[in-house]
Every structure is written in C-alpha cells, then in structure tokens.
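Let me begin by presenting the structure, written as structure tokens, before commenting on it.
In the working numbering, the protein residues as written are 1 to 198.
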C-alpha cells in the first residue's frame with residue numbers, strides 16, 4: 001500500500017454481494033476519513049454482519065423502519081452510523097435493494113494519520129487506539145454527520161488495502177438479548193491481529 005492521503009475509493013460493485021460475503025471482503029480494506037485536521041485511515045481487521053428482517057440482532061429486524069434505520073433500506077454502500085451510549089458506530093449498508101442489512105466495522109489497524117488519531121484518543125497502550133467499534137470512530141473522526149453518505153467518495157470512504165491470508169469466523173459480541181441470533185457466527189476477523197476487539 002502507498003502511504004498517501006489520496007487513496008482511491010473502491011468501486012460501487014464491491015458492495016453488491018451477499019452481506020456475509022461482504023463482511024469477509026471488507027477485511028483488509030482501508031477505512032479512510034478526511035476532516036479539517038487531516039486524513040486518517042486504518043485497515044479493517046474485524047466486522048460483523050447483520051441480516052436485516054430475519055436477524056433479531058439487527059436494528060431492522062422484522063423490517064423495522066424508523067428515522068434511525070431508514071438508511072438501511074437504501075442501496076448497498078451507504079453509510080449507517082448510530083449512537084450507542086456515548087459512542088458512534090459505523091456500518092456499511094448491504095444486501096439487495098429494500099433488504100435492510102448492514103456490516104458493522106468492529107476494529108481497524110491504524111495506518112495513516114496516527115498522530116491525529118492519538119490526539120483524539122490518547123491511549124497508554126497503542127493497540128487500544130482502534131480495537132473496538134466506538135474506539136475506531138472516535139480515532140478516525142467518524143460521527144453522526146456521516147450518516148446517509150456513501151463509501152464511494154470523501155469524506156468517508158473505503159480504499160484498497162491488503163487481502164488477509166486467513167479469516168476467522170465466530171459469534172457476534174455484545175448482543176446477548178437477541179434470542180437465538182446471539183449465537184449466529186456472523187463475526188469475522190483477521191486472526192493474530194492485535195487490534196481485533198477481543
């Protein structure tokens with residue numbers, strides 16, 4: 001990968017895949033955010049898939065359509081951000097049109113703009129900088145203003161990174177109240193990467 005702030009956005013065709021496949025395909029891609037402070041990026045090392053209407057853990061379960069979930073009904077590649085406690089979480093809208101599915105970006109490995117990230121999130125242990133969905137958004141400067149945009153162009157976009165040699169798959173994290181959906185093996189990560197959330 002070239003160290004540059006001019007990473008080219010990946011084509012729209014990337015997003016036109018079944019959600020599980022996309023969740024795996026996003027691993028190794030660069031998540032890039034441009035702000036007034038500069039551009040920061042990280043390599044995606046952990047994702048979680050949410051399969052919409054049939055997935056009790058998804059915000060759009062049973063096709064629930066609210067002001068918050070409206071963007072999930074948009075074409076694949078749109079940005080779905082939402083607040084959880086004091087954190088913003090970022091998702092890639094996925095699935096066929098009107099199939100409200102999404103992939104949560106759970107962790108990234110810092111790549112460029114690390115000085116900017118450390119100003120936003122001073123940490124004692126570097127691996128804690130972006131090792132979780134709320135940590136990475138704060139470090140990269142992703143917020144609710146990004147809701148409804150796309151990953152095809154700045155200020156928030158995905159660029160080519162490095163395809164991982166291996167991918168592991170297991171249960172999603174932090175959704176114990178989601179019935180049988182809590183056991184679905186829809187989390188994917190790069191094994192051995194220190195920035196995976198756990």
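Don't be surprised by glycine CBs; every beta carbon is placed ideally from N, CA and C.
>> Can you look up residue 83 in the DSSP assignment and give me helix, strand or coil?
In response: Start at 1 with the first residue of the chain shown, and residue 83 comes out as number 83. Looking at residue 83 - three-state DSSP - the assignment turns out to be strand.
>> Pairs of beta-carbons, one from the segment 127-143 and one from the segment 159-166, closer than 8 Å: are there three or more?
In response: Because the criterion of three Cβ pairs below 8 Å is not met, the segment 127-143 and the segment 159-166 do not touch.
>> Once DSSP output is grouped into helix, strand and coil, what is the label at residue 52?
In response: One-based indexing of the chain shown puts residue 52 at position 52. Residue state, collapsed to three classes: helix.
> How many Å lie between residue 55 and residue 184 at the Cα?
Replying inline: Start at 1 with the first residue of the chain shown, and residue 55 comes out as number 55. Start at 1 with the first residue of the chain shown, and residue 184 comes out as number 184. Those two C-alpha atoms are separated by around 9 Å.
> When you compare only the Cα positions, how much space is there between residue 171 and residue 21?
Replying inline: The residue given as residue 171 occupies position 171 in the chain shown. The residue given as residue 21 occupies position 21 in the chain shown. About 16 Å.
> Since residue 240 is in the alpha helix (DSSP H), which residue starts that stretch and which ends it?
Replying inline: In the structure as shown, the chain begins at 1 and stops at 198. Residue 240 is therefore absent and cannot be evaluated.
>> Going by beta-carbon coordinates alone, are residue 27 and residue 45 separated by less than 8 Å?
In response: As a working mapping, residue 27 is identified with position 27 in the chain shown. As a working mapping, residue 45 is identified with position 45 in the chain shown. Closer than 8 Å, so yes.
>> Excluding the 5 residues flanking residue 194 on each side, which residues of the same chain have their C-beta closer than 6 Å to its C-beta?
In response: Within the chain shown, numbered from 1, the residue matching residue 194 stands at position 194. Answer for residue 194: 127, listed in chain order.
>> For the beta strand (DSSP E) containing residue 170, name the first residue and the last one.
In response: Taking the first residue of the chain shown as position 1, residue 170 is located at position 170. First-last of the beta strand (DSSP E) with residue 170: 168-170.
> Are there three or more Cβ pairs, one per stretch, closer than 8 Å when the segment 142-159 is compared with the segment 74-84?
Replying inline: Output reads yes: the segment 74-84 touches the segment 142-159.
> Apart from the five residues on each side of it in sequence, which residues of its chain come closer than 6 Å, Cβ to Cβ, to residue 35?
Replying inline: Position 35 of the chain shown, counting from 1, holds the residue named residue 35. So the qualifying residues of the chain are 141.
> Nearest to residue 40 by CA position, among 88, 144, 134 and 112, is which residue?
Replying inline: In the chain shown, counting from the first residue as 1, residue 40 sits at position 40. Of all alpha-carbon atoms in 88, 144, 134 and 112, the one lying nearest the alpha-carbon of residue 40 is that of 112.
> Which residue comes first and which comes last in the alpha helix (DSSP H) that contains residue 118?
Replying inline: Residue numbering aside, residue 118 sits at position 118 when the chain shown is read from its first letter. Residue 118: member of the alpha helix (DSSP H) spanning 114-120, first to last residue.
>> Alpha carbons only, please: which of 159, 125, 196 and 101 is nearest the one belonging to residue 16?
In response: Against the chain shown, residue 16 aligns to sequence position 16. Nearest in C-alpha terms to residue 16, of all of 159, 125, 196 and 101, is 101.
> Quick one: is residue 144 buried, meaning 16 or more other Cβ sit within 10 Å of its Cβ, or exposed?
Replying inline: By one-based count along the chain shown, residue 144 stands at place 144. Burial call: exposed.
> Thinking C-alpha only, which one of 155, 25 and 18 is nearest residue 105?
Replying inline: Against the chain shown, residue 105 aligns to sequence position 105. Cα-wise, what sits closest to residue 105 is 25.
> Looking at the unbroken alpha helix (DSSP H) that takes in residue 139, where does it start and where does it end?
Replying inline: As a working note, residue 139 is residue 139 in the chain shown. Segment 133-140, the alpha helix (DSSP H) holding residue 139.
> By Cβ distance below 7 Å, which residues in the same chain neighbour residue 74 in space, the five residues on each side in sequence not counted?
Replying inline: Taking the first residue of the chain shown as 1, we reach residue 74 at position 74. Closer than 7 Å at the Cβ level, and outside the excluded window around residue 74, lie 93.
> If residue 107 and residue 130 are in contact, beta carbons under 8 Å, what's the gap, nearest whole angstrom?
Replying inline: Locating residue 107 in the chain shown gives position 107, where the first residue counts as 1. Locating residue 130 in the chain shown gives position 130, where the first residue counts as 1. Their Cβ separation, rounded to whole angstroms, is 6 Å, which keeps residue 107 and residue 130 in contact under 8 Å.
>> Spatial neighbours of residue 103 within its chain, please: C-beta separation below 8 Å, excluding the five flanking residues on both sides.
In response: To locate residue 103, count along the chain shown from 1; it is residue 103. Annotation for residue 103: 19, 22, 23, 26, 47, 48, 49, 50, 91, 92 and 94 place their beta carbon closer than 8 Å to its own, counting only its chain and skipping 5 residues before and after.
> So what's residue 7 in DSSP terms, helix, strand or just coil?
Replying inline: Within the chain shown, the letter at position 7 stands for residue 7. In this structure, residue 7 counts as coil in the three-state DSSP scheme.
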